[in-house]
Every structure is written in C-alpha cells, then in structure tokens.
Amino acid sequence: MITCRRSVGQWVFLCVATTSISSRIIDDQWDSGKLNNTCSHFGHFQKTGPIFQFLENTFFCTENAGVKLYHQRHYAQAINKWRQSLNRLNNAEDRFITLGYLAQALCDQGEYEGMLSYALSQMQLATDQNDSAMKCEAFLNLAKAYERLADFTKALQYGKASLEHPSMDPRTPGYAHLTIALAHLGMSQFQQCLESFESSMNVANETSDRLLELQICVGLGSLFTLLRDITKALIFLRNALAIVQSVTVDDVHAKYRCLILYHLSVALRMKGSLVDAKEACDEASQLAVEMGNRAIHARCMCSLADIYRELGESEAKETITKSWARYEDAYRVMRGANDKMGEVLVLSSMAKSASESRSHYTGQCECQAIQLNKKCIEIANQIGCKHVVLKCHLRLAELYSQLNDDDSEETARRAASRLTQEMQLFCNFCGQRYGLKDESLQALRCSHIFHEKCLHTYLLQRTDQNCPKCRCRAVLSDNISIRSSIASTADVQSPSTSFAPPGGVATPLVSVAAELGDITPQATLTRRPPQQDKILRGAEKDIDRVDRSLARLKSQTTANSCAAVPVPSPEVPSTTTSGASEPIASTSSAAPILSNQTNHKPPPPPRKPCFNFPPCTKPFHGKIALAYEMTKLPQTQGVLNFIQKFLYNSTNYKFQDGATQAINVPYPDSGVYENYILHYPDATSTEILDINIDQLYENVMDLTDAKIERAYEYILEERDPGNSTTNVLITVGVDDEAVFDGSATSYLHQLQSKYGFRAIAVSIGAQPNYFGDLAESEDWYFTATESNSQWVADQISRIICHL
C-alpha cells in the first residue's frame, strides 16, 4: 500500500493504491484537477467487499465531502463530516489538518470558543509529535482564537511564538504578523499595530498572497477609521474591494465582501454619508446571515443602530427607539458568543446614544448615561481597549459638567489626558490631538503618526530628515502611507490565482477549493458564468460607492482649502500586482519632500526688538506659571540670573494683595520638586519667589536633558489655576531639543485649551533656536542677552498687564 502526502499546512490526501484500477482513477482525478468527483467514481465498482469499505471510510472521501458541503454553504453538515472523520483518523498529520479545518470553520461562524478548543487540540498534537512546523501553525490558530476572544495579551504571545518556529509555507509568517497587528489594534497600541501591518504586507508582497493583502487593507481601513482619517480608511477599503472582486469562489467572496462592507458602513457613517452607509450595512448584514457569521451580523446590527441614531437627530423619536432596540439585540448576541470586543463596541455606542440623546428615551437621564459609560469602561479595561476607555471618560467629563460635579469631571478629564498621552494621540508639531475629527494623517516607516500637513511643513524646514519622535530617518512607509488607490485596472480584470493563504491555517478551505477546480483564471474576453457575473457586479457597485464618497471628500477638501498654499506631495511607494514597490506619481508639481534638497530653512536667528509695547495704567491681575530650565549645566546660571534680576523687576505686578500670583516650575524633572514648588497664593512678594528659586536650585537633580514638557505636564495636572480669568505661561530656557521635536507642544496646547493660558517664551543667549514655537505669536517671543534683559522683562510685563 502506497501513501502520498503533500506538505503540512496544505491539503493532505491519503492516496490508497491497492489495485491498478484505483490507482489510475486517483491519478486521473489528480491530474485533471477535478478531485471533487472522485468519490462518485466508486459507483463503477461493486459496493461490497473490503476494498470499497476501506475506501469509503478513508480521509480522502470524507474530507472531500466536507469541503464540498462547506463551499455549498452547508456549514453545519460540513462541520459534522469533519467531526466524523476526526473520530476515525489515526494518522497525526491527517488529524492535525482536520482540526485546522474545524477551527477555521468555527471561526467563520463566530464560534470562537469552539475554535479555541480545536486550536488547543492542534497544539497538543503538535507537542506530542514534537513537530516544529505543526507548532508554528498551531500557535497561529491559538493566536487567532485569542484575538477573536479579545484576550489580546495571549494573542500577542502565541503570534510571536508562531514566528519563532519554522514554517513550511512562506506565507504563514504574514498571517502571524496580521494577527499580532489586530491584537495591538485591539489594545490601542497604534504604533506597534502599524509595524506589524507593515511586516505582514512585506510577506504578502514577497509571496503574492492577495487574500493576505486584502485582510491587511481591511485592518488598515479599520485603524484609520478609528483615527478619523476617513479618506485613507476609504482608500484601503476600496483596495480590499478591488482584490475581492477577483475572488470567484462564491462563499469566499461573500465572506470577505461581508467583512469589507461592514467596515465600509462604519467609515461612511463617520463621513456623514448615511444613505450609502445604510446600503453597505444592509448588504453586509444579509451576507452575514447567509454565511452564518453571528459576530459580523451583530456588528452590522450595531452599525445600523448607529446610522439610525444619527438619522434620528433630525427625524422622529421612533427612529432612535428602533436604534436602541438594535443595540440591545446586538449586545445579546455578543454576550452569547462571549465576544468581549463586540460587547465593548455595542456598549460604547449605547453609552454615546444615552449621553447625546437622553431626551429621546423614556426615563433616560444623566445617571443612566453615566452607568453605561462606566460599564463600558469596566469591560474595556478588562481587555485593554484604551481608545474606548478614552471616549467614555470624555463623555463622562461632559456629563459631570452638566451635573456641576467638578471633582468627578476633573477626574474624568485627567484620565482622558493620561490615556491620550499613553496612546500618543497627538501630533508632535502642532500639539493637537488627532482622532477627534476627520483630518489627513501620515505614517513614517518607523510607524509614528503625524498630521500630514504638519509633517510636510516640518520636513521642508529641517536639514536633518529625521522623525521628531525617534530620530530615525524620516521615510514614508512603503505600504501604509498611501495617498491614492493602489488597485489597478489590471488587478480587477485579471484575477490572480495565487491569492490562496496557507492551507489549514488562515483560510484553508480556499486552498482546497483551488485544488477542487473551483478557482479558475478568467481572461478579459472570456465569457464568465452567471454566478461570477453576479459577483463582479456586486463588487463593482461597492467600488463605485466608495469612489463617489472619495470624490465628495476631495471636493469638500478642495473647497475648504482653495485659498491655502498647496502642501508638496511626497513620492510614496505603492504595492503593485507583482508585489514590487513602485512610486506613486505625486499629484502636486512640487518636488518630493523626502528627496535630497538644499532649500531647508535653518533655525530662526535671535529675534531683534521690533517695537515697544505701550506702558500699563494698572497692574496685572491674574496668575503666572513660570516654566524654566534648571540643570547642573553652566547655561542654567543665565536662566536663573534673568529670572531673579529682571523678570519681576517691574511696577506692573502686585503680589502683596494677591492680585498677581505666580509659581516657579523648573524642568526637566518637575515632579521630584513637589515639596518645594509653591502654590499660586503663596508668593506675596518677589522676594519669596527669589528665595523659592534658590531653594529649588539647592535640590537640583543631575539630569541634563531639558525636557520642557515635564514642567507643562506638572502645571496641567498639579497646579490648577482655578477660576482665574487671565493665566499666563512664561517659558525661559536655553536648550530647544524638546521644542523642535514637538514633545512640548502637546501639553502646551492642552494648557491653552483647558485653562486659557497665554504663552510667552524667552530664549537665553544669542544662538539660533526654536523657542519661538512656544510663544503665542512672534511678538511674544524674546531673545534675552546681558545687554537687553531688562528691556525684555519690561515688554513681558506690559504684554500681560494689557490682557
């Protein structure tokens, strides 16, 4: 008896050649690629005797029947067939592959706990066999199961474990990187998420795996939807639609089109295209029901409820009532499937509805909205989804504000600020948060994200083309920083036959379908079967829908920025059908900003006095927060001399009666001086401020890296100016490292937006630097030297007493 097996991770058949006749039949079917008809050929023989009974019970026939049933959408029958064969199989490789089919099938059905059970069985079998290739695939299935169950820490561990073991299929690491990226996305670790997507896309390009590329595009679409760069999200989802258009296996096409349409409905809703969003969501919901995928169907219900909620803002109360019922139905499905991420998504939407539309719900009030937000925070914290927690804290802050609960409001705002910093959801140049409104973002190859316009402006002004966060070379990411669609006409007209992912791991049934003859290349002029025409018409309709939305976005952007100076467009590599990297032609006539240029602007020179501010008629009434550089470097003496000898040497301040109040906050490590930093009412004279400066310097730390943002952070979190109507922030220093890399501007803008601080900056010494970026205007930035220090101090006092 002869047995022949293909590699682990591919479809493994047990070919039995007990007679010359049976051998010929199997060979004929293998060569013709019509293995799905093999079992029917047993009808040519007498259905008695040991040979037929043996063949009937082989892995070959039972597994083939399961695959055929699965692609006919008889999912329960297919799973039952595989379970039956599993009970009869003794060969380890055959059992391993069958367990992989069952794990994937249950994943497609949204039965994630069942998927985990079969993945664990795979792992046990791989351990018993001590087979590294089996372990690689088993770890990957475990990672996928835990990612679906929102146990992101374990998903990361098992995904990395899969990468540590050798795989027989070169595509397997790409799916491991994809799973790791999705786990990071679930935990709101956006930089690591982008890094893993980049690694996965590299594998997709190297192996020409189109379905892997499709799933990456969907993941990136979800990421940029979360970050509110809707244009980029729609571009990635359009790319995914272009790829799925070439998939002619009906159930595989439906599976991925359903997933894409769901994410598309979310992006279109956030863009305001509610009609298109509803159409996409309705189609996705119908496909999810046909596929039996409970998880996607419940998410579609939630998305549809979101759409009706926003429609209800201008329509009848009944619309919002229907929306609330859909939330409740979706939540019950999520609870039943133990889909924690789904629960968080639904609870977050319910909390938003309750927070924004309380008057529409009978019996709803702030208390119920607060309870929903707290419940959402509880579950989101369990799975580590910081972005949802952040949104809940922002809503809670608004609710507490309406209830005049100042303490609770402050607690919520501090929590939101901390999470914003942890997730780095701010641009290092302008200091503004992103993810609050639709705006264009740009990712560098190091995976740091900035406002696209800010990044381009910064790189134009710098001689060193480095990322301001990590100082790595500032190169736009090859795969994830696209500005236009990477899908070509050739991609749509000439479907690739090499898109199938590794067998038994990612979507094993696609690989099997290819060998069963269900996937055939279609030439451009070849007459397609009716089913394929239906598939292509649906995909083309979806692409047209996205193109219309992108066109509207483009026209809106053009209208809003018609008077603005155009930002030069970088030359960005894109992914082609061959997996090679080619530059996308810039839509602007300007030169690419990342090429070698000679017109970079150097740091601005020391500012020369331009005019004198008018004298004051009354002293300043308000609070002053002084952030100043204090290290053991000699340059600190110049800072201290300016503050103690000149800064408050003016009659425009009135500390004695508390009209003028001030604090001194040294940096870099402001927090260690907690016991020595005054509170606003403490300084009743300039002498007390001078003594405090000396006391702080006596306890100066050995740190020499002047991190300005530490002082801003301390003022923001520890020295609330209260109800003061006029607050002034004066920054005095020498080292501008933390200015030009953008790390101080985030806290500066938070101080300005939260407490209304007016910002003045003083650079000590005549060297060129970027301290002017910390001043509210050019006229509020000064360069202080030995010859003009008193004049600078007088101008500052005149500025603030006129506020």
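Just so you know, we're using full-length UniProt numbering here: the sequence shown kicks off at 1 and counts up by one.
We put the CB at the ideal spot given by N, CA and C, even for glycine.
Every value quoted in this text rests on a predicted model; they were computed, and no experiment measured them.
Pairwise C-alpha distance: residue j and residue i
{"i": "Pro668", "j": "Ala412", "result": "27 Å"}
{"i": "Ile800", "j": "Val728", "result": "7 Å"}
{"i": "Tyr308", "j": "Ser355", "result": "16 Å"}
{"i": "Val665", "j": "Leu419", "result": "24 Å"}
{"i": "Thr783", "j": "Arg433", "result": "30 Å"}
{"i": "Lys375", "j": "Tyr327", "result": "15 Å"}
{"i": "Asn692", "j": "Met701", "result": "16 Å"}
{"i": "Ile715", "j": "Cys427", "result": "20 Å"}
{"i": "Val475", "j": "Ser303", "result": "36 Å"}
{"i": "Arg473", "j": "Ala176", "result": "27 Å"}
{"i": "Gln795", "j": "Asp779", "result": "10 Å"}
{"i": "residue 804", "j": "Lys144", "result": "Beyond the ends of the chain as shown, which are 1 and 803, falls residue 804; an answer cannot be given."}
{"i": "Leu234", "j": "Leu640", "result": "53 Å"}
{"i": "Glu283", "j": "Ile260", "result": "11 Å"}
{"i": "Ser797", "j": "Cys467", "result": "37 Å"}
{"i": "Leu748", "j": "Ala280", "result": "42 Å"}
{"i": "Leu626", "j": "Ser447", "result": "35 Å"}
{"i": "Thr231", "j": "Ala766", "result": "45 Å"}
{"i": "Val672", "j": "Gly638", "result": "23 Å"}
{"i": "Glu195", "j": "Val266", "result": "24 Å"}
{"i": "Gly384", "j": "Phe152", "result": "8 Å"}
{"i": "residue 808", "j": "Cys300", "result": "Residue 808 is absent from the model: the chain starts at 1 and stops at 803."}
{"i": "Leu803", "j": "Thr660", "result": "13 Å"}
{"i": "Gln461", "j": "Thr631", "result": "29 Å"}
{"i": "Thr98", "j": "Leu241", "result": "30 Å"}
{"i": "Trp449", "j": "Asp229", "result": "Residue 449 is actually Ile in this sequence, not Trp. Answer to the nearest angstrom: the Cα atoms are 11 Å apart."}
{"i": "Tyr653", "j": "Ile663", "result": "14 Å"}
{"i": "Leu459", "j": "Gln424", "result": "20 Å"}
Cβ-Cβ distance between residue i and residue j below 9 Å
{"i": "residue 808", "j": "Asp306", "result": "With the chain running from 1 to 803 in the structure shown, residue 808 is simply not present."}
{"i": "Asp108", "j": "Lys255", "result": "yes"}
{"i": "Phe139", "j": "Ala161", "result": "yes"}
{"i": "Leu399", "j": "Glu366", "result": "yes"}
{"i": "Leu287", "j": "His263", "result": "no"}
{"i": "Gln790", "j": "Phe655", "result": "no"}
{"i": "Ala150", "j": "Asp406", "result": "no"}
{"i": "Ala133", "j": "Met168", "result": "yes"}
{"i": "Gln191", "j": "Gly431", "result": "no"}
{"i": "Ser408", "j": "Leu396", "result": "yes"}
{"i": "Pro72", "j": "Phe96", "result": "Reading off the sequence, residue 72 comes out as Gln, not Pro. Against a cut-off of 9 Å, the Cβ pair of Phe96 and Gln72 comes out as no contact."}
{"i": "Glu310", "j": "Leu274", "result": "yes"}
{"i": "Thr725", "j": "Gly622", "result": "yes"}
{"i": "Leu696", "j": "Tyr648", "result": "no"}
{"i": "Ser349", "j": "Cys392", "result": "no"}
Boundaries (first-last residue) of the alpha helix (DSSP H) holding residue i
{"i": "Leu125", "result": "112 to 129"}
{"i": "Ala240", "result": "230 to 244"}
{"i": "Ile799", "result": "789 to 801"}
{"i": "Arg73", "result": "Counting along the chain, Arg73 falls outside any alpha helix (DSSP H), and DSSP gives it neither H nor E."}
{"i": "Trp260", "result": "First, the amino acid is wrong: residue 260 is Ile here, not Trp. 250 to 271 is the extent of the alpha helix (DSSP H) around Ile260."}
{"i": "Ala415", "result": "406 to 423"}
{"i": "Gln637", "result": "635 to 642"}
{"i": "Arg148", "result": "132 to 148"}
{"i": "Thr651", "result": "Neither: Thr651 is in no alpha helix (DSSP H) and is coded neither H nor E."}
Continuous beta strand (DSSP E) stretch holding residue i: start and end
{"i": "Glu629", "result": "622 to 629"}
{"i": "Ser777", "result": "From DSSP, Ser777 is part of no beta strand (DSSP E); its letter is neither H nor E."}
{"i": "Arg758", "result": "757 to 764"}
Closer than 9 Å to chain D by CB, residue i
{"i": "Leu640", "result": "Reference to chain D is not applicable here, since this structure consists of a single protein chain."}
Does the segment 241 to 256 come close enough to the segment 453 to 461 that 3 or more CB-CB pairs lie under 8 Å?
no
Examine the Cβ distances between the segment 715 to 730 and the segment 748 to 762 and report whether three or more of them are shorter than 8 Å.
yes
Quick one: which unbroken beta strand (DSSP E) runs of 3-plus residues sit fully inside the segment 654 to 736? Chain order, please.
660 to 667, 727 to 733
Check whether the segment 163 to 183 touches the segment 193 to 200, taking contact to mean three or more Cβ pairs, one atom from each stretch, closer than 8 Å.
yes
Which runs of the alpha helix (DSSP H), 4 residues or longer, sit entirely within the segment 363 to 401?
366 to 383
Enumerate, from N- to C-terminal direction, the unbroken alpha helix (DSSP H) stretches of 4 or more residues contained entirely within the UniProt domain "RING-type" (427 to 471).
452 to 461
Segments of 3+ residues assigned as beta strand (DSSP E) that fall wholly inside the segment 280 to 348
none
Three-pair Cβ contact test at 8 Å for the segment 221 to 232 versus the segment 440 to 450:
yes
In chain order, each beta strand (DSSP E) run of at least 3 residues that lies wholly inside the segment 153 to 217
none
Under 8 Å: do the segment 89 to 98 and the segment 74 to 81 share three or more Cβ pairs, one atom per stretch?
Contact between the segment 89 to 98 and the segment 74 to 81 is not established, with fewer than three Cβ pairs separated by less than 8 Å.
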